[in-house]
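The letter at position 207 of the sequence shown is residue 535 when you use the numbering used here, and the numbering goes up by one with no holes. Backbone N, C-alpha and C define an ideal beta-carbon position, used for all residues, glycine too. Notes follow once the structure below has been shown.
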Amino acid sequence: NNVLTADGAGNFTCETAMYWPSEASVNIHAYAPYNASWTGAIEAEMDFTVSTDQSSDAGYLGSDLLVGAPESNPIEKTESPVELKFAHMLSKVNVNIVNENLDVNLQGAVVNLLGLNTSVKVNVAEGTLGASSVPADIRTAAFAGDAVEFSSSAVVVPQTVAAGPFAQLVLADPRVLEAGLASDVEFKSNKRYVYTVNISGDEDQVQVSITLGGSSIGDWEDDAE
Numbered sequence: 329n330n331v332l333t334a335d336g337a338g339n340f341t342c343e344t345a346m347y348w349p350s351e352a353s354v355n356i357h358a359y360a361p362y363n364a365s366w367t368g369a370i371e372a373e374m375d376f377t378v379s380t381d382q383s384s385d386a387g388y389l390g391s392d393l394l395v396g397a398p399e400s401n402p403i404e405k406t407e408s409p410v411e412l413k414f415a416h417m418l419s420k421v422n423v424n425i426v427n428e429n430l431d432v433n434l435q436g437a438v439v440n441l442l443g444l445n446t447s448v449k450v451n452v453a454e455g456t457l458g459a460s461s462v463p464a465d466i467r468t469a470a471f472a473g474d475a476v477e478f479s480s481s482a483v484v485v486p487q488t489v490a491a492g493p494f495a496q497l498v499l500a501d502p503r504v505l506e507a508g509l510a511s512d513v514e515f516k517s518n519k520r521y522v523y524t525v526n527i528s529g530d531e532d533q534v535q536v537s538i539t540l541g542g543s544s545i546g547d548w549e550d551d552a553e
C-alpha cells in the first residue's frame, strides 16, 4: 500500500522504493485517493466512504475513487514505464438550477442530495464494487453571498435511489425547498447524471415550488467539469 505522487505529466514518484523481484512477475494495482488503512490483502473488500460535504474541492475530490491497472496483469520485469489506466468507480451527479422566481434569492443557499448511501465495498484487484450502505444527505454546494452561478456536482456511490425527495435547496431566508424523482433511478459506476432544478412562480406566489426538469446520462469522461 505504497504512496505515489503524480507529477502532473503522467508520471509518479514513490516515497518507498519498489523493486522488481529477481524472478517471476508481479501484479500491479493502483487507486486514489490514498487510504493508509488499506493495508490488507489487495483482493479483500475495503470500505470507501464519500464525504457528506462536497461543497469544497477537498470534499469533492476526496470522494472521487479512481482504480487503475495495466492493460493486463501480471507484469514481467521491464525497463519501460508501466502504463496504468484509471477509471472513476463511483457516479457523478451534476445539479443545475434555473431560477424563474423573482422571490427566490439563491445567494447564500445550500444544495443537498437527500438520503443517499455514502459507503461502499471496493475490491481494488478486481476493480469492482460491492454492497453500499450508510444513508445520509450530501451537500453539493454552499453558494456565496455574492454568487452569480448556481450549479454544483457531487460524487455518489452507485446505487438505486427510490422515487421521492431527492434535491433540496436551503435558502438564506431560510425557506427549504425540495424536488423529487418521479421514478427510481439507478446510479452506475463511471457514469455522469445531469439534473436541472427549475424554480417556478413569481413574487406574488405564496408557496414556492421546485421541480426536477430535464436530465441526461453519459460517461463521466465526457463531462467537461
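Alpha-carbon spacing of residue i relative to residue j, whole angstroms
i       : j       : result
Tyr-595 : Gln-487 : One cannot answer for residue 595 here, as it falls past the ends of the chain, which runs 329 to 553.
Gly-327 : Pro-502 : As shown, the chain starts at 329 and ends at 553. That puts residue 327 outside it, with no answer to give.
Glu-404 : Gly-508 : 52 angstroms
Thr-341 : Asn-329 : 14 angstroms
Gly-492 : Ala-386 : 29 angstroms
Leu-393 : Asn-429 : 37 angstroms
Exposure label - residue i; buried when at least 16 CB within 10 Å
i       : result
Phe-414 : exposed
Ile-545 : exposed
Ser-383 : buried
Ser-460 : buried
Residue of the options minimising C-alpha distance to residue i
i       : options                               : result
Asp-547 : Ala-469, Pro-493 and Tyr-521          : Tyr-521
Asp-512 : Val-489, Phe-471, Leu-499 and Pro-502 : Val-489
Glu-549 : Leu-418, Gly-443 and Val-410          : Leu-418
Ala-358 : Val-483, Val-452 and Ser-480          : Val-452
Phe-478 : Gly-443, Thr-377, Ala-500 and Ala-437 : Ala-437
Val-476 : Gln-435, Ser-447, Lys-519 and Pro-361 : Gln-435
Glu-514 : Ser-481, Leu-444 and Glu-506          : Leu-444
Distance between beta carbons of residue j and residue i, contact taken as under 8 angstroms
i       : j       : result
Thr-468 : Val-426 : That pair is no contact at about 16 angstroms.
Leu-497 : Val-421 : Not confirmed; about 15 angstroms, so no contact.
Range of the contiguous alpha helix (DSSP H) that encloses residue i
i       : result
Gly-387 : 385–389
The ligand ATP heavy atom lying under 7 angstroms from the CB of residue i
i       : result
Asn-422 : Inclusion of the ligand ATP in the displayed structure is not the case, the ligand content being empty and no account of it being possible.
CB contact check: residue i to chain C, cutoff 8 angstroms
i       : result
Gly-387 : Among the chains of the structure shown, chain C does not appear; only one protein chain is present.
Terminal residues of the beta strand (DSSP E) in which residue i lies
i       : result
Val-423 : 419–427
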